[in-house]
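Number 90 in my numbering belongs to position 87 of the sequence shown; there are no gaps in the numbering. Yeah, the Cβ is synthetic: ideal placement off N, Cα and C, and Gly gets one too. Worksheet for the structure shown next.
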Amino acid sequence: MTFKTIFGRTAFLAAALALLLTATSQARAACSDHAGPGVDWFQCDYSFWDLTGANLSGASLTGADLTAATVSGANLTNVNLDVAIWTDGRVCAEGSIGGCD
4 MTFKTIFGRT AFLAAALALL LTATSQARAA CSDHAGPGVD WFQCDYSFWD
54 LTGANLSGAS LTGADLTAAT VSGANLTNVN LDVAIWTDGR VCAEGSIGGC
104 D
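Here is the structure:
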């Protein structure tokens with residue numbers, strides 16, 4: 004193997020690792036977003052949270068854990084609850100929008 008080949012492969016692996024770390028940090032950052040319209044809480048753990056009166060319209064809570072969370076008065080209009088864990092512990096059906104089916 005030549006130096007050029009080794010350097011090229013190393014540069015490629017470094018770029019791939021940087022991309023992976025960037026994608027991972029962006030995915031985790033969404034879980035720290037405040038409740039609000041259109042928030043993306045993909046597979047986030049919000050068990051036992053108080054979301055009383057929160058405006059979550061148009062949000063994506065796909066796969067989110069809402070076990071024992073308080074959602075009374077929350078605006079769930081067009082909220083994607085696809086396979087989310089609902090407040091009572093049941094898993095919402097695929098395609099659940101605005102409520103846990």
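Residue environment, residue i, which counts as buried when at least 16 other CB atoms sit within 10 Å
| i | result |
| --- | --- |
| Val82 | buried |
| Asp68 | buried |
| Ser63 | buried |
| Thr65 | buried |
| Thr80 | exposed |
| Val74 | buried |
Whole-Å CB distance - residue i paired with residue j, under 8 Å assumed
| i | j | result |
| --- | --- | --- |
| Ala71 | Ser50 | 6 Å |
Check whether residue i and residue j have beta carbons under 8 Å apart
| i | j | result |
| --- | --- | --- |
| Trp44 | Ala57 | no |
| Ser36 | Val42 | One detail in the question is off: residue 36 reads as Asp in this sequence, not Ser. Contact: yes. |
| Thr55 | Ala38 | no |
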